[in-house]
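What follows is one structure encoded as structure tokens, with my remarks underneath.
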Amino acid sequence: MKYVYSGAAALLISTAPALAGGIDRSGQFLGPLWEPGDYAEFSWTLAKPTLSTNTLNLGAGPSNTGDVAGTYNSVGLAYKKQFNENFSGAVMFGQPFGSDISYPGAADGGSLYLQGTGAEIDTQEVVGVVRYVFPQSGFGVHGGIRALSTTAKADLGGAIWDARGIDGYHLDIDRETDFGWLAGVSWEKPEIAARIALTFNSSITHDFDTIQSIPGMQVPEDITEVKMPKSVNLEFQTGISPTMLVLGSIRWVDWSEFKVRPSVLGGTSLTHFEDSTTYTLGVAKKFTDQWSGAVSFQYEGGGDGVGTPLSPYEGRKGITLAAIYTQDNLKITTGISYVRLSQSDVGIGDPGERLVVGETDDRKGWGVGVKVGYSF
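Just so you know, the sequence shown maps onto residues -20 to -1, 1 to 356 in mature numbering (1 follows the signal peptide of the UniProt record, and there is no 0).
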């Protein structure tokens, strides 16, 4: 039971956030830490979102932006060491946050209102975590350090921004690495393949060296402070038969503290995210000694129902299927996810002064993932 879960749950989580809350991509879960013995893994995920917006008639007639979401992939590496019966540790690499939005020009089927608008955010994270299990109790504690490296760039283009005098605005944020921490508790009962784990991830503050430009205007280099959000993860599982178990997770992220406020924009943030809570519930089934499978469903509320041009969606529902092949110490897991995004308006400006400029049209995403794990 435990061996089936470890592969299924990790892929159910890693392929599901093709379009999760804010700029979430990985979920920051600690799957390798729960593996038995010494363990190493490699994972790869590919996501293909499709997202477009119908802009309102703001003077030049309504139009559609065309697909603005870029395909992306991410990789993960992990090594877990079991030092003794009660003490273990792991080192993990991942890409927890990201964004790839680009509005095509009107000549390429895009909208005059937002052509040239876009954003790219890239993160890389190394996590070091240790865990201690209290003897004969099932209870454990874990904690560690997160090193997060982030870089980003953004462009504002089209008639909407031209009306505000910032058409052609470009933001370039140099890569910055800063540190945060994590801490949590867990409980296990191996006899029924039961586990529950709660983890808190602290926020991480970056002070970015920033280059900004606007056509016809001289803009000095600056420092932009951005707080990457804190989060809480709850993971759980329990066996319901010798070959089947129920598994799930709840993830809350404090996205309201994630603001990008370049000085040239007078304090207006380029991002306006609501806090997100993502629920995942599924079952895993062992069919033979080599083959197992799993299915899960995801739900995330829609917040205030208003996205931004750089993140034009709020809320989602999804389904993920996974297959696990096990041979001796080798385990290969594959998964596929489909996500349907909630209908939302698209607005610009801070809440309270927001101007709605459109509403989402086509809004879905596919994700596939592969993970190879080896126990030794």
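Even glycine gets a Cβ: it sits at the ideal position worked out from N, Cα and C.
How would you write the range of the alpha helix (DSSP H) that residue i sits in, first residue to last?
i      : result
Ile140 : 139 to 142
Return the CA-CA distance between residue i and residue j, expressed in angstroms with no decimal places.
i           : j      : result
Leu214      : Ile194 : 44 Å
Ala70       : Glu100 : 30 Å
Val206      : Gly353 : 35 Å
Thr33       : Ala49  : 11 Å
residue 359 : Ser276 : For the chain, the structure presents residues -20 to 356; residue 359 sits outside this window and is missing.
Met(-20)    : Ala303 : With a pLDDT of 46 at Met(-20), under the threshold of 50, the modelled position of that residue is not reliable, and no figure is offered here.
Thr219      : Thr157 : With the sequence shown as reference, residue 219 is identified as Gly, and Thr is not the correct amino acid for it. Roughly 41 Å between the two C-alpha positions.
Tyr83       : Gly56  : 29 Å
Ala139      : Ser166 : 53 Å
His186      : Thr251 : 16 Å
Tyr112      : Phe119 : 9 Å
Thr258      : Ser91  : 32 Å
Val337      : Asp189 : 31 Å
Pro29       : Asn181 : 27 Å
Val286      : Asp234 : 17 Å
Tyr217      : Ile316 : At residue 217 the sequence reads Gln, which differs from the Tyr that was named. Cα to Cα, the separation comes out at about 21 Å.
Glu339      : Arg241 : 24 Å
Arg175      : Tyr279 : 22 Å
Thr97       : Gly298 : 28 Å
Leu31       : Ser43  : 14 Å
Ser324      : Arg334 : 14 Å
Tyr293      : Lys351 : 29 Å
Measure from the alpha carbon of residue i to the alpha carbon of each residue in the options, then state which is nearest.
i           : options                        : result
Asp284      : Gly327, Ile125, Phe238, Asn181 : Gly327
residue 362 : Asp102, Gln95, Pro115          : The structure shown has nothing for residue 362, since the chain only spans -20 to 356.
Gly273      : Gly246, Leu301, Glu254         : Leu301
Ala87       : Thr45, Pro222, Trp161          : Thr45
Phe4        : Glu65, Val275, Tyr52           : First, the amino acid is wrong: residue 4 is Asp here, not Phe. Selected option, being the one with the closest Cα: Tyr52.
Gly145      : Tyr83, Tyr259, Leu245, Val55   : Leu245
Trp161      : Pro209, Tyr259, Gly120         : Pro209
Ser256      : Arg231, Gln278, Pro242, Phe238 : Arg231
residue 370 : Gly228, Asp189, Gly164, Asp158 : Examination of residue 370 is not possible in this model, given that the chain is present from -20 through 356 alone.
His122      : Phe9, Ala173, Trp141           : Phe9
Phe253      : Gly262, Leu290, Tyr259         : Leu290
Phe159      : Ile125, Val113, Asn66, Glu171  : Ile125
Phe356      : Glu21, Gly1, Gly11, Gly282     : Glu21
Pro222      : Phe216, Ala173, Asp202, Thr248 : Ala173
Tyr305      : Thr313, Thr288, Gly298         : Thr313
Phe67       : Trp24, Ser43, Pro115, Arg175   : Pro115
Asp142      : Ile299, Tyr93, Arg296, Leu31   : Tyr93
Ala264      : Gln278, Thr288, Gly228, Arg296 : Gly228
Gly349      : Pro12, Thr25, Gly11            : Thr25
Pro200      : Pro12, Ser243, Leu36           : Ser243
Where do the ends of the beta strand (DSSP E) carrying residue i lie?
i           : result
Trp271      : 271 to 280
Pro29       : 19 to 35
Tyr293      : Per DSSP, Tyr293 belongs to no beta strand (DSSP E) and is neither H nor E.
Leu245      : No beta strand (DSSP E) contains Leu245, which DSSP labels as neither H nor E.
Asn64       : Where Asn64 is concerned, there is no enclosing beta strand (DSSP E), given that its DSSP letter is neither H nor E.
Arg334      : No beta strand (DSSP E) contains Arg334, which DSSP labels as neither H nor E.
Ser82       : 78 to 82
residue 385 : With the chain represented from -20 up to 356, any question about residue 385 goes unanswered, as that position is not in the structure.
Tyr149      : 149 to 169
Asn181      : 174 to 181
Met208      : 202 to 208
Glu105      : 98 to 113
Leu321      : 310 to 321
Let's test the definition: count the other Cβ atoms within 10 Å of the Cβ of residue i and tell me whether it reaches 16, buried, or not, exposed.
i           : result
Leu310      : exposed
Leu225      : buried
Met72       : buried
Trp271      : exposed
residue 398 : A question about residue 398 goes unanswered here, because the residues of the chain that appear run from -20 up to 356.
Ala27       : buried
Lys169      : exposed
Phe77       : buried
Gln198      : exposed
Gly89       : exposed
Thr268      : exposed
Ile203      : exposed
Should residue i be counted as a contact of the ligand GTP given a C-beta to heavy atom distance under 7 Å?
i      : result
Ile176 : This structure lacks the ligand GTP, and indeed carries no ligand of any kind.
Next on the checklist: Taking contact to mean 3 or more Cβ pairs, one atom from each stretch, closer than 8 Å, check whether the region 131 to 139 and the region 153 to 164 are in contact.
Outcome noted: yes
Item to check | Validate contact between the region 336 to 345 and the region 311 to 327 using beta carbons, cut 8 Å, 3 pairs | outcome: yes
Item to check | At least three beta-carbon pairs within less than 8 Å, the region 105 to 119 to the region 141 to 151 | outcome: no
Next on the checklist: Tell me whether the region 12 to 22 and the region 54 to 70 touch, counting them as touching only if at least three CB pairs, one residue from each stretch, are closer than 8 Å.
Outcome noted: yes
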